[in-house]
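Numbering (my numbering), first residue to last: 774 to 996. All C-beta atoms in this analysis are idealised placements derived from N, C-alpha and C, irrespective of residue type, glycine included. Because the structure is a prediction, the values reported are computed rather than measured. Accompanying notes for the structure given below.
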Amino acid sequence: MRLGGAGLEAVHGVVAGRYRNAFVAARPPGHHATPGRAMGFCLFNNIAVAAASLRARGEAERVLIVDWDVHHGNGTQDCFQEDPDVFFLSLHQYPHYPGTGAANETGKGRGEGFTLNVPLSPRTPRSDYLRVFGMALETAVARCEPDFILVSSGFDVLAGDPLGGQLLEPEDLHQTTRMVMEAAERCCGGRVVVFLEGGYDPQRTGAGCVAVIRALAGVAMDV
774 MRLGGAGLEA
784 VHGVVAGRYR
794 NAFVAARPPG
804 HHATPGRAMG
814 FCLFNNIAVA
824 AASLRARGEA
834 ERVLIVDWDV
844 HHGNGTQDCF
854 QEDPDVFFLS
864 LHQYPHYPGT
874 GAANETGKGR
884 GEGFTLNVPL
894 SPRTPRSDYL
904 RVFGMALETA
914 VARCEPDFIL
924 VSSGFDVLAG
934 DPLGGQLLEP
944 EDLHQTTRMV
954 MEAAERCCGG
964 RVVVFLEGGY
974 DPQRTGAGCV
984 AVIRALAGVA
994 MDV
């Protein structure tokens with residue numbers, strides 16, 4: 774399958790009813806890639822391609838992209854910062870690579886107000902992260918009223934990642950995934966696809982992937 778094709782198969786498969794939801798376990802990650810160049814280990818912005826394809830095919834009028842990678846998804850923001858039909862929500866460590874994602878970056882032109890950046894300090898307590906995530910997600914859903922939700926799931930947000938500085942555990946990402954799924958059930962028939970982004974400790978990334986997939990499958994962490 775061509776690069777980016779896994780994400781397209783996932784989103785169009787959910788629309789067609791072949792899948793209830795999906796986890797796109799494809800590398801390299803994509804959220805730093807801008808419309809004009811690759812950067813930050815990212816060649817093509819897979820989630821941006823998927824969002825654009827959903828809209829081009831008339832399968833979604835409004836798309837919400839939720840990014841919880843420890844790094845700001847500058848490429849995704851660049852793709853849609855002037856587009857009022859794609860809402861970009863990013864929670865990320867700040868200041869950190871790539872240096873973007875300040876709270877005053879809220880979109881441009883017609884897209885003003887459809888970007889929500891939530892900069893977080895290193896070592897944000899887990900309970901604080903989850904509380905802020907829930908509030909930001911509800912704000913984004915209310916503003917966007919999405920037909921489809923896409924997630925940039927960076928596992929470098931987990932404690933111990935060599936390129937991160939946060940404290941989350943796999944069970945926290947299980948909870949954030951469940952929160953996204955519950956929001957999607959309310960607004961867009963449960964249509965959710967999660968994309969693998971960063972994560973640079975293989976064991977921790979693997980554990981995080983399992984936690985997110987369990988949430989998508991409706992399986993509790995303690996089963």
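- Taking each of L816, E918, G803 in turn and checking the Cα distance to D858, the smallest one comes out for E918.
- Per the DSSP secondary-structure output, N890 pairs in a beta bridge with S863.
- Contact check for A795 against L923 fails: the beta carbons are separated by 8 Å or more.
- Annotation: the continuous alpha helix (DSSP H) that includes F906 extends over 899 to 917.
- Less than 8 Å divides the Cβ of H865 from the Cβ of V843.
- Checking the DSSP bridge columns, you'll see L969 partnered with S926.
- Listed in chain order, the beta strand (DSSP E) elements of length 3 or more contained wholly in the region 782 to 860 are 795 to 797, 836 to 840.
- By the beta-carbon neighbour count (other beta carbons within 10 angstroms, threshold 16), Q854 is buried.
- Of all alpha-carbon atoms in N847, V784, G780, the one lying nearest the alpha-carbon of R810 is that of N847.
- Boundaries cannot be given for A993, as no alpha helix (DSSP H) includes it and DSSP labels it neither H nor E.
- Counting along the chain, E944 sits inside the alpha helix (DSSP H) bounded by residues 943 to 960.
- Rounded to whole angstroms, V965 and R793 show a C-alpha spacing of 8 Å.
- Pairing A876 with V905, the inter-Cα distance amounts to about 14 Å.
- The beta carbons of L969 and A798 sit about 5 Å from each other, so the pair counts as a contact at 8 Å.
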